[in-house]
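First comes the structure, then the notes that go with it.
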Amino acid sequence: MRIAIYPGTFDPITLGHMDVLTRAAKMFDKVYIVIMHNTKKSSLFSEEERLEMINRSIQEAGLENVEAEIGHGLTVLYAKEKGASVIVRGLRVSMDFEYEIQLASANMFMDDDIETIFLPTKPELSFISSTTVKEIAMAHVALTDLVPTPVEEMLVKKFQK
């Protein structure tokens, strides 16, 4: 069985993330989308809220071989614990590549049996980031083309006046 993990903060999950996840789900028998803590970022949503958003988005997309979880610790160790041989990472712009290649190299240093693959986001989704989504949501602008419906609902609720 080919198992992969797709780690990230997903605060919130966007249509760009869902694009990468949907494509990964076609490539692997099982994909774990894993909410990981990033000490360099402060989160708008709790891990539990993000898990709910992701689960609702997975259900809406009909991704039956995808499971969402909250992870802790190092990504490569989490992958090993899940029996995953691949870490999936999405790329939006060239700036992402430098950061991602450093992470992939560090993961390979810790366990060279686990590969990292990069899936570029579709061009029409490449401008979408969780940060951009939050800024647009704060301005009370429609998010329909940026995030899954369940996420839009939770963002609207979060920023209601």
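The sequence shown maps to residues 32 to 192 in my numbering. All residues carry an ideal CB built from backbone N, CA and C; glycine is no exception.
In the three-state reduction of the DSSP assignment, F158 falls in the coil class. The beta-carbon distance between R120 and T147, rounded to whole angstroms, is 6 Å. This is short enough to meet the 8 Å contact definition. A residue is called buried when at least 16 other Cβ atoms come within 10 angstroms of its Cβ; P154 does not meet this threshold and is exposed. For L46, the closest of S157, Q133, G114 by C-alpha to C-alpha distance is S157. Counting every other CB atom within 10 Å of its CB across the protein chains shown gives R81 a total of 16 or more, marking it as buried.
In the three-state scheme derived from DSSP, where H, G and I count as helix and E and B as strand, G121 is classed as strand.
Judged by DSSP in its simplified three-state form, F76 adopts coil rather than helix or strand. By the C-beta density criterion, H103 is exposed, having fewer than 16 other C-beta atoms within 10 angstroms. Three or more beta-carbon pairs separated by less than 8 Å link the stretch 77–92 to the stretch 34–49, which places the two stretches in contact.
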